[in-house]
Structure formats: structure tokens, C-alpha cells
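Trainee: Here the first sequence is numbered in our numbering, starting from 2 and rising by one per residue.
Think of the CB as a built atom: it goes at the ideal place given N, C-alpha and C, for glycine as much as any other residue.
Quick one: structure below, then a few questions.
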Amino acid sequence: MNNEKIKSAPNFIKNIIEEDLKSGKHTHIVTRFPPEPNGYLHIGHAKAICINFGLAAEFNGECNLRFDDTNPEKENAEFVNSIQEDIKWLGFQWHDKAKYASDYFDQLYDFALFFINNGLAYVCDLDANQMKQYRGTYTEDGVNSPNRNRSVAENLELFNNMKLGKYADGSKTLRLKIDMSSPNINLRDPVIYRIKRAHHIRTGDKWCIYPMYDYTHCISDALESITHSCCSLEFEDHRPLYDWIVAHLYAAKLLPCHPQQIEFSRLELLYTVTSKRKLNQLIQEKVVSGWNDPRLPTISGMRRRGYTANGIKLFAQRCGVSKSPNIIDFEFLENAIREELENEAIRVMAVIKPLKITLINFDATTKSKSVPFHQHQALHGERELTLTKEIYIEQSDFMERPIENWQRLAPGKEIRLRHSYIIKCEQVIKNNANEIIELKCSLDPLTLGANPQGRKVKGVIHWVSCTLALPVKLRMYDRLFTTARPHGEISDFNHNSLVEINALIEPDATKVQPETRLQFERIGYFIADRYDSKPLAPIFNKIVDLKNTWLEKNK
RNA sequence: AGGGGAGUCGCCAAGUGGUAAGGCAUCGGAUUUUGAUUCCGACAUUCGUAGGUUCGAUCCCUACUUCCCCUGCCA
């Protein structure tokens, strides 16, 4: 993809960064991509990745990868690995080594002591239910915790005991002392530490207390000298808390900088779902095969489906960055993918619903010709294509009584066989049930690689040799849900989202390596499945259909 | 209802007190051994609504309206 294209689109975050660079607030920027390792990355993450890594690249800065691993109950190593693999596959490289919020647990603990010592945090005995009662509502102020005025010494001792494991899970929390009557509920004495005896993927059983996201994230950003912390819109309400925490620590010279949180709107797609909960449900109920099912908008799913990293990046770039709510049609993604595939995919022929043709005046047993794998991209090379007396064409490429503007085969009509001769339908053979079972055609021997004299022949159709073509399995995919805005219910699931069919393909096309993308001419783009393909026996996943304006109009 | 955001072409999205970029889609037309690709052309007298300020407003002010987010010891 042309990098100029990426640089040309302005957006409000770039404007902020340009301003900061111009004013001298920053001389160099650092961003971060901070996933929680509790699931696989999806197209929404791809947008965030493109924004954060893209910004760093464009302004010659750096982008960190930091796992937000503060809730050990939900996180595991499989997700840590898949996330790294997906980011690398997209073509991005994080700065330095991958970082983890858990790298900062010791510092986070010390900072908690700082807040306690300054009378800005206290240990609270309220349980979850009570805390909810005390928190108030949107319209009613909250009520101070009875433990809000504990002495520093007592808080210190209690917090130390929490860390030592002297209390049961959930029985105590450490809270910031801010304002129980704030209209922003995030500021009503937020919990920053909870007791949770869970095994952590990196710190094991060292801790039984874990810091909360709001407390951890801003401090981690500052510790990593992040300049611009870009996240999605739902964190707007958290920014005052982010700033509150960082400001105190920064003023005390405990933090090197005060990063700026900037929020953008998430990506939403029609006909699919991206929430981890909903994706997980589809997987649990086995309506899809796993996180990398080609129908899923997960990065690994899209990879397996055959989407290219550049196509996904092009899509993200075209979506832009803003704060306005947006819902994008799945076709918008498919268009970007198709655009990237146009030059990349080699062309070969396959027939799905065969109709036999006998070339009545074909006077050899075989006739071979070297033809290009791509009409406009010579670098893809050529292969030997062999014509035989009997071939198959697509049933849909013949009409006994053709409709208007029919550019394919019909009785008495001429069309070109792709990369081969012009043929003319001389006779239609039917069985007892009056079904067309074969066509007898003549070929014009002067039209191999040449246009016919004195007449113009318009249609071109694909074909395979009856004797040489090889059978192969095609997995035809369609949208995940039948409704435009699915909530993830199985009732909306598109049960035709995967249909396996058989096809006959030209022999050279069976030699492709897994993950090779190709176009079956006039059918669509396909990829040899990276997991299920065997040597000389690929299984092809349909990536996306070819655009077909004629078919659209004649539906 | 309290707080925080957002409303510019079918879908995204720039823009700014000086008279509406761009992309995708769509519609014409040309080229084409993929009805694909490519190429040319068309596509917002108008910026949620109503007032106001101004020589001039999508941009500033006021009111209204619609949509999204927030009452986890999730992130």
C-alpha cells in the first residue's frame, strides 16, 4: 500500500500531536497499544493498532505494546501469544520488548503508600453490595464510607495486611479519597486495589491484591513516558481520574511526565459482532470453530479467511479517526480487501457446477499454451494450460434461450474460452428428463491468441479440462449474521455462512502453498487454508467475491 | 433525570467567520481474452432544528432536538 495515502488523511489526534510538536511540548512522541490478554484481537483492535502504531511511525516516535494484565482471573498466556502474533502479522513492531502492567506492580504498590501517606487513600471495609449503595446514583450524591477518615497509620497497617493476605477476598479495598458527591461517578472514591487470590500469568502467587485499571493504566503510561494515550470513547469519563492520579504523582516528582489521554470512537461493523463476550458465545456454542474461524472479525480469523494485512490497514485508514459514532458496512472492509488482492492474487480457473462440452473439431489429444498467472502483473509468471477435446464450463455460462445482453454461451453463439479458442455452440444434448447434459461446440482454429477476422466476439468464459482438472474443496463464506445489527443471538446467526462445495480446478492450482491467495477467474478470491491444506490437496477458503455489476442488475 | 461526548452526501470523513476536501458506494461512458481490473465524467446552493450576532455563519451565541457512554472490588 502506498504510504502517502496514509499520511494524507488528517484527523483530530494528528492535529493535536502536530500542535504539541510545534509548540515544543514534545520533541518526540510515544504511544502505546494496551490490550488486556483476555481474548483474541479483532477488527476493532486493528483500528486501535493502526492508530497507535501508525501515529508513532508517522511522527518518528515509538509505540509500546503493553499488556494490561491487572485482572488475573480473565487473562492467560494463550492470549498473550496470539496478540503478539496478530500484531506482527499486521506488520507492526512494538518498541523494545513487550511490556506488562504487572511489570509495575511494585511501583504501583509504593505509589499507593504515597496516596495513603498523603491522606488521599484509605482502606474500606464495605463489601461490593454496600459499596454500590454508598456510591449513589446519577442524580443522587454518594455517601462517604464509614472508613473514610481512618488514620494514615491505620490505613498503612490495614493495607499492609491486605497485601499479606490477612483478609478474605473481597472483604477490603483500597480507595482513593476524592469526592463522593462528584457528578462523575468515577471520582466517587474509586477502588484502586482489591483482594483477589488468583494466580497471575506473570507474577504467579506473589500478590493477593491487584490494582485496578484506572489506577494502573495512567501510571503505566507515565512510567513509559507515553506522550499521547489514545483509547476509545468510553474512557472519556475516566480522564478526570487519570489526570487526578497522574497530577498528584507528577507534582511529587514520582512520575517523569503527565501523558495526555485522547479518546476516539470505536469501529462498528454491520452484520457482525466484535464484543469478546459475543464472540466467545459463538465459540462456546460451537456455531463457529474457534477464535480463528474465517467468518469471525478476529484478526486471526480474517487472516485465515485470506484478508491481507495491507487490506486491513487500508480499511482502517479509510475509516479515519474521529469522535463521531459510526457504523460501517461490511462491504467497506471487503472492498479494501479486494483492492489489495487485485494485484497480489494469481489467476487460475475453476469450475463449480460443470457442464460438459465436446469440441467436435478438436483434432489433437491435447493442446498446451503458456499463459500468465496475472494479466497485468508479469512478475507472477506463467503456467502451462492444456486444452483437451472434452472440457467443463460453468452451467451458469450457458443459456438455451438467452436473455438480453447475454454475453455468454447460447445455441449458435460464439464466445471465447479464457486463454484459448473461440468456440461456437453447435448442438445441445439433453437427457430423458430434458436436462442439458452436454454441448457440442466447434472451435475456430485461427483464434488461439488472436482475434477472429471480420467479427467481434464479446464473451469470455472460464473452463477446465475434463481429463486434467482436479477436484478440490471450496469453503464458501458469507456474512456471520443475517441481521445488520446483530446482538449476538444464535437466532440471528447465518447458518449459510459456511457452505462447503466441490470444484474442479486446473492442475497447477493444486500446487500452491498454504496461505497462497488466488483468484478463480470470474468466481472470486480464495486462499489455501493455512491449517487444513495438505500438499497437493489444498482446501480453499473464499476470501471475497468479485464485484459483479451485471449480476447485481439482473437479479 | 446528573455528568461526559457526538450530530457535514447512502457509508466514512476533512474543513473553517469569506462562501462545502477526499475516500467508498452509486450512476453514465471508454478500454478489456475475467460482465473483474483500468480509465474518464457525474454525484451536498448545503453542514440536526429554530432563532440571534455579523457585510458575511457549517464554523460564534441562545434554545431545542436526536444518538452514544457512565451507578464492576472488569478493562
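#1: Could you give the distance in angstroms between the alpha-carbon of Asn148 and the alpha-carbon of Gln134?
#2: For the beta strand (DSSP E) holding Glu383, just list the boundary residues, first then last.
#3: What is the rounded straight-line gap between the Cα of Gly62 and the Cα of Thr468?
#4: Taking Asp546 as part of the beta strand (DSSP E), name the residues at either end of that continuous run.
#5: For a quick check, are the C-beta atoms of Leu270 and Pro295 less than 8 Å apart?
#6: Grab the span of the alpha helix (DSSP H) containing Pro241 for me, first residue to last.
#7: Is Val352 closer than 8 Å to Ala504 when the C-beta atoms are compared?
#8: In chain order, what residues of the same chain have a beta carbon less than 8 Å from the beta carbon of Gly525, not counting five sequence neighbours either side?
#9: Using beta-carbon positions only, say whether Leu449 and Ile506 come within less than 8 Å of one another.
#10: Only counting runs of 4 or more residues, tell me where the alpha helix (DSSP H) segments fall wholly within the stretch 135 to 162, in order along the chain.
#11: Can you say whether Val31 is buried or exposed, counting buried as having 16 or more other CB atoms within 10 angstroms of its CB?
#12: Please state whether DSSP places His377 in a helix, a strand or coil.
#13: Which stretch, first to last residue, makes up the alpha helix (DSSP H) that contains Glu332?
#14: Using only CA atoms, which one of Lys370, Arg476 and Phe482 lies nearest to Asp533?
#15: What residue from Glu155, Lys197 and Ile117 has the CA that sits closest to Ile179's CA?
#16: For Asp398, does the count of other Cβ atoms within 10 angstroms reach 16, so buried, or fall short, so exposed?
#17: Could you compute how far the alpha carbon of Phe54 sits from the alpha carbon of Asp215?
#18: Rounding to the nearest angstrom, what Cα-Cα distance links Met213 and Asn344 in this structure?
#19: Of the choices Val473, Ile424, Gln520 and Pro487, whose alpha-carbon is the least far from that of Ile502?
#20: For a test of the three-state rule: what should DSSP assign to Tyr393, helix, strand or coil?
#21: When you compare only the Cα positions, how much space is there between Glu439 and Ile394?
#22: Quick check on this structure: which residue in Ile392, Leu380 and Gly143 has the alpha carbon closest to the alpha carbon of Lys354?
#23: Going by beta-carbon coordinates alone, are Leu256 and Ala223 separated by less than 8 Å?
#24: Let's see if you can read the secondary structure: which residues bound the alpha helix (DSSP H) around Met303?
#25: Got a sec? Which residues, its chain only, sit under 8 Å from Leu250 by beta carbon, not counting five neighbours each side?
#26: When the Cα of Glu401 is compared with those of Gln282, Ile430, His377 and Ser466, which residue comes out closest?
#27: Identify every residue that forms a DSSP beta bridge with Cys442.
#28: Under 8 Å, with one C-beta from each stretch per pair, do the stretch 64 to 78 and the stretch 317 to 333 reach the 3-pair mark?
#29: Between which two residues does the alpha helix (DSSP H) containing Glu415 stretch?
#30: Under 8 Å: do the stretch 30 to 49 and the stretch 228 to 235 share three or more Cβ pairs, one atom per stretch?
#31: Whose C-beta lies closer than 8 Å to the C-beta of Arg306 among residues of the same chain, with five residues either side of it excluded?
#32: Between Lys554 and Val274, what straight-line distance do the alpha-carbon atoms span, to the nearest angstrom?
#33: Considering Ile528, what are the terminal residues of the beta strand (DSSP E) in which it resides?
#34: Taking C-beta to C-beta, are Lys512 and Leu268 nearer than 8 Å?
#35: Should Ser146 go down as buried or exposed, given a rule of 16 or more other Cβ atoms within 10 Å for buried?
#36: With distance defined between alpha-carbon atoms, name the residue in Ile210, Asn495, Ile52 and Pro539 nearest to Ala199.
Mentor: In brief:
#1: Looking at the two C-alpha atoms, the distance is approximately 15 Å.
#2: Start and end: Glu383 to Thr389.
#3: Distance between the alpha carbons of Gly62 and Thr468 is about 59 Å.
#4: That run of the beta strand (DSSP E) goes Ile540 to Asp546.
#5: With a cutoff of 8 Å on beta-carbon distance, Leu270 and Pro295 are scored as not near each other.
#6: For Pro241, the enclosing alpha helix (DSSP H) covers residues Arg240 to Ala252.
#7: Going by C-beta atoms, Ala504 is nearer than 8 Å to Val352.
#8: Here the set comprises Lys543, Ile544, Val545, Asp546 and Leu547.
#9: No.
#10: Entirely contained in the stretch 135 to 162, not one alpha helix (DSSP H) run reaches 4 residues.
#11: Counting the other CB atoms within 10 Å of its CB gives Val31 a total of 16 or more, which places it among the buried residues.
#12: His377: coil per DSSP, three-state reduction.
#13: Run containing Glu332: Phe331 to Glu345, per the alpha helix (DSSP H) assignment.
#14: The residue with the shortest Cα to Cα distance from Asp533 is Arg476.
#15: Closest option to Ile179, Cα to Cα, is Ile117.
#16: Buried is the call here.
#17: Spanning the two alpha carbons is a distance of roughly 23 Å.
#18: One C-alpha to the other measures close to 48 Å.
#19: Checked all of Val473, Ile424, Gln520 and Pro487; the closest Cα to Ile502 is Val473.
#20: Strand.
#21: Distance from the CA of Glu439 to the CA of Ile394, rounded to the nearest whole angstrom, comes to 10 Å.
#22: Answer by Cα proximity: Ile392.
#23: Taking 8 Å as the Cβ cut-off, Leu256 and Ala223 qualify as a contacting pair.
#24: Where Met303 is concerned, the enclosing alpha helix (DSSP H) stretches over Ile300 to Arg306.
#25: Same-chain partners within the cutoff: Phe112, Phe115, Ile220, Ala223 and Leu256.
#26: Checked all of Gln282, Ile430, His377 and Ser466; the closest Cα to Glu401 is Ile430.
#27: Answer is Leu360 and Cys426, bridged to Cys442.
#28: Contact check between the stretch 64 to 78 and the stretch 317 to 333: fewer than three CB pairs, one atom from each, fall below 8 Å, which does not count as touching.
#29: Looking at the DSSP string, Glu415 is not in any alpha helix (DSSP H); the run it does join, the beta strand (DSSP E), is Glu415 to Leu418.
#30: Below 8 Å, enough C-beta pairs join the stretch 30 to 49 and the stretch 228 to 235 to call them touching: three or more.
#31: Taken in chain order, the residues that qualify are Pro295, Arg296, Tyr478, Ile528, Asn542 and Ile544.
#32: Straight through space, the alpha carbons of Val274 and Lys554 are spaced by roughly 30 Å.
#33: For Ile528, the uninterrupted beta strand (DSSP E) segment begins and ends at Gly525 to Ala529.
#34: With a cutoff of 8 Å on beta-carbon distance, Lys512 and Leu268 are scored as not near each other.
#35: It is buried - the Cβ of Ser146 has at least 16 other Cβ atoms within 10 Å.
#36: Check the Cα spacing between Ala199 and each of Ile210, Asn495, Ile52 and Pro539: the tightest is with Ile210.
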